[in-house]
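The structure under discussion appears below in the form of structure tokens.
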Amino acid sequence: MLPNQMNDICPIEAREGAIAILNTLRGEGFETYFAGGCVRDRLLSKAPTEYDIATAARPDDIKTIFPKAKSVGEAFGVMLVRSHNNMYDIATFRSDGPYSDHRHPDQVQFSDAQHDAARRDFTINGLFEDPIEEKIIDYVGGTADMDDRIIRAIGDPIKRIEEDHLRMLRAIRFSARFEFSIESETGNAIRELSMELAGVSRERIGEEVKKMLTDPNRGVAAWEIQYLGLDRVIFAEESCMNAPTRVGRLPCNASYATALASWILDRHTSETDLLSKASHWRSQLLLSNKVHDEVCEILSLHQKLFSWSTLGTATQKRTVASEHCMSALAIIQAEDRPLFVHIHRGISLLERTGISPERLIDGNDLLKSGIPPSPTIGDVLETVYDAQLEGSINTYEDAISLALAIYREFQDS
Ligand code: ATP
Ligand code: MG
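Number 79 in this note's numbering belongs to position 99 of the sequence shown; there are no gaps in the numbering.
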């Protein structure tokens, strides 16, 4: 029997829309089920992110039954159909032919539900659900593995991973996300074939790593990647057995960039040029400029926070006001609790006098006070703002006279 709290854990319309499609296909005489991730997620009492429908109907049948169906991979028998304002993938039951590129089958053959289950990657992803009869159809031992919390390749793990090398990362992603262990033969096959990941595009590797590092169980994924030797290919770096403790202790909602910066710190404890590591990871994972810049910013802020007590008040305030300071602080919290508490107290004290108070003067005020436009104006303003942050000036008049004094000093030097 399926858990009956389904309606509480996923939007009803998404399920209703999928049931409507399933009933229509069945009404035309085609065996049809929910398939893959949505069945697994429901058994885990998690809200499915999407409903995939598997059917005996061929793409031509689907087009006839749903004239607005769009083909998203007709060669693979996948059609996209709208129902109840949601889009659904409807895939014809199939068997996959050989995978000569180690990513995609060269060709597929339409077949039946049992073969369709067998071509899927892991037993927990090979289940079908009949939502009308409220039954799970299990050709691959997936329900037992769900109970035992195991990620197991369907069939011979070596063969299945050789077919599609990306499955190595998928195994780790599902294992970390659901806190399932990777069955030993599947794990051994991953370790044995780990270097083959090099044949998978950087884009797909980057996507998988991003999915893992944005999940709260990112620490488990990082550990498994290293333990199974995939880090050598993912980062093109020596294998590393440093425990990814910072990654593992981040708050659940930590950003992708925060997780990457943490992992760089975990892996490169004695490295001084961490920014060059970030740039190397950018090309390995095809990071966007935005994420890469955020990683660099977090690493720099982290370094500053580490020497918190030696920073002056103005630098402390400027550091705390930086956009990504809280991300850097989350890493400190993960690695050095006493330092985190010390900084946290320090921030509370700084807040009393304002972390980023409005500036007492701006460029116009300087012009009005007789300082001509020049590139030094910016430096004068920043130095005056530092004094304001330190608390050594508090009024407009103080700020102007300090600005004039600094300007004269700049001119004399
Ligand atoms: P997620 O919640 O991350 O989307 P999912 O299981 O739905 O997980 P998808 O990538 O959306 O994963 O794929 C849907 C289904 O298609 C999987 O459950 C699995 O049955 C099958 N599948 C996906 N990718 C592969 C693959 N590389 N090899 C074999 N089967 C796959
Ligand atoms: Mg999915």
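Glycine included, every Cβ here is placed at the ideal spot set by N, Cα and C.
Please read these numbers as outputs of a predicted model, since none were measured by experiment.
**Asked** Which of helix, strand or coil does DSSP assign to Asn66?
**Response** strand
What separation, rounded to the nearest whole angstrom, lies between the Cα atoms of Tyr68 and Val61?
5 Å
Check: Mapping DSSP to helix, strand and coil, what is Asp392?
Finding: helix
Closest by C-alpha distance to Ala124, when choosing among Asn66, Glu165, Leu23, Ala34 | Minimum Cα distance to Ala124 is reached at Leu23.
- Item | Val180, DSSP secondary structure in three states | coil
Practice item. Have a look at Gly358, Asn105, Gly77 and flag the residue whose alpha-carbon is nearest the alpha-carbon of Ala151. Key: Asn105
Hey, Pro242 and Ile311 are a contact pair by Cβ (cut 8 Å); roughly how many whole angstroms apart?
A small correction: the amino acid at residue 242 is Ser; Pro does not occupy that position in the sequence shown. The pair is a contact, with the Cβ atoms about 5 Å apart (cut-off 8 Å).
Proximal residues to Gly186 (C-beta, below 6 Å), its chain only, five neighbours per side dropped
Leu265, Leu266
Could you check whether the Cβ of Gly334 sits closer than 7 Å to any heavy atom belonging to ligand 4?
Ligand 4 is not part of this structure, which contains only ligand 1 and ligand 2.
- What do you reckon, is the C-beta of Gly17 under 7 Å from a heavy atom of ligand 2? yes
ask   = CA-CA distance, Glu172 and Gln89?
value = 30 Å
- Query: From what residue to what residue does the beta strand (DSSP E) around Lys115 run?
  - Reply: 115 to 118
Among His64, Phe10, Ser164, the one whose alpha carbon lies nearest that of Thr44:
Shortest Cα-Cα distance from Thr44 to any of His64, Phe10, Ser164 involves Phe10.
**Message:** Mapping the DSSP letters down to three states, classify Lys43 as helix, strand or coil.
**Reply:** helix
*Any idea what DSSP makes of Gln87, helix, strand or coil?*
coil
Local Cβ density within 10 Å of Lys270, reported as buried at 16 or more and exposed below that
exposed
Q) Whole-angstrom Cβ separation of Ala330 and Gln296, contact assumed at under 8 Å? A) The sequence as given places Leu at residue 330; Ala does not occur at that position. Confirmed, about 6 Å.
Exercise. Looking at the structure shown, is Gly451 part of a helix, part of a strand, or coil, going by DSSP?
Worked result: Outside the displayed range of the chain (-19 to 393) lies residue 451, so it cannot be described from this structure.
query: Just to confirm, are Glu176 and Leu149 a CB contact at a threshold of 8 Å?
result: no
**Prompt:** Can you tell which of Arg247, Ala202, Asp211, Leu309 has its C-alpha closest to the C-alpha of Pro231?
**Reply:** Leu309
key: Every unbroken alpha helix (DSSP H) inside the stretch 102 to 190 [4 residues or more]   = 122 to 128, 137 to 143, 147 to 158, 164 to 173
Can you look up Tyr236 in the DSSP assignment and give me helix, strand or coil? Correct three-state label for Tyr236: helix.
Distance check for Ala0 and Cys(-10), CA to CA, integer angstroms please. In this prediction, Cys(-10) scores a pLDDT of 49, lower than 50, which makes its location untrustworthy; the coordinate-derived value is nonetheless stated afterwards. Their Cα atoms are separated by approximately 16 Å.
Going straight from the alpha carbon of Arg20 to that of Met59, what length do you get?
-> 22 Å
By a C-beta neighbour count over all protein chains shown, 10 Å radius and 16 as the cutoff for buried, is Ser155 buried or exposed?
Result: buried.
Looking only at its chain, what residues have a beta carbon closer than 7 Å to the beta carbon of Glu377, apart from the 5 residues adjacent to it on each side? Same-chain partners within the cutoff: there are none.
Just to confirm, is the Cβ distance from Phe108 to Phe14 under 8 Å? yes
Next on the checklist: Rounding to the nearest angstrom, what Cα-Cα distance links Leu210 and Val200 in this structure?
Outcome noted: Using only the alpha carbons, I get a separation of about 14 Å.
Residues that DSSP places opposite Thr12 in a beta bridge:
Thr35
Rounded distance between the beta-carbons of Val213 and Ser174, thought under 8 Å
Taking the Cβ atoms as the reference, Ser174 lies roughly 7 Å from Val213, within the contact range of under 8 Å.
key: From Arg298, Glu338, Gly343, Phe286, residue whose alpha carbon lies closest to that of Glu315   = It is Phe286.
- Message: Quick check on the DSSP output: what are the complete beta strand (DSSP E) runs of length 3 or more inside the stretch 207 to 235, in order along the chain?
- Response: none
Is Arg74 near ligand 1, going by C-beta to nearest heavy atom under 7 Å? no
Checklist entry - Between Glu187 and ligand 2, is the CB less than 7 Å from at least one heavy atom? => result Ligand 2 never approaches Glu187 closely enough for any of its heavy atoms to be under 7 Å from the residue's Cβ.
Same chain, Cβ closer than 6 Å to Ala37, neighbours up to 5 away in sequence not counted
Leu5, Phe10
Check your understanding: Between Thr356 and Ile341, what straight-line distance do the alpha-carbon atoms span, to the nearest angstrom?
Key -> 15 Å
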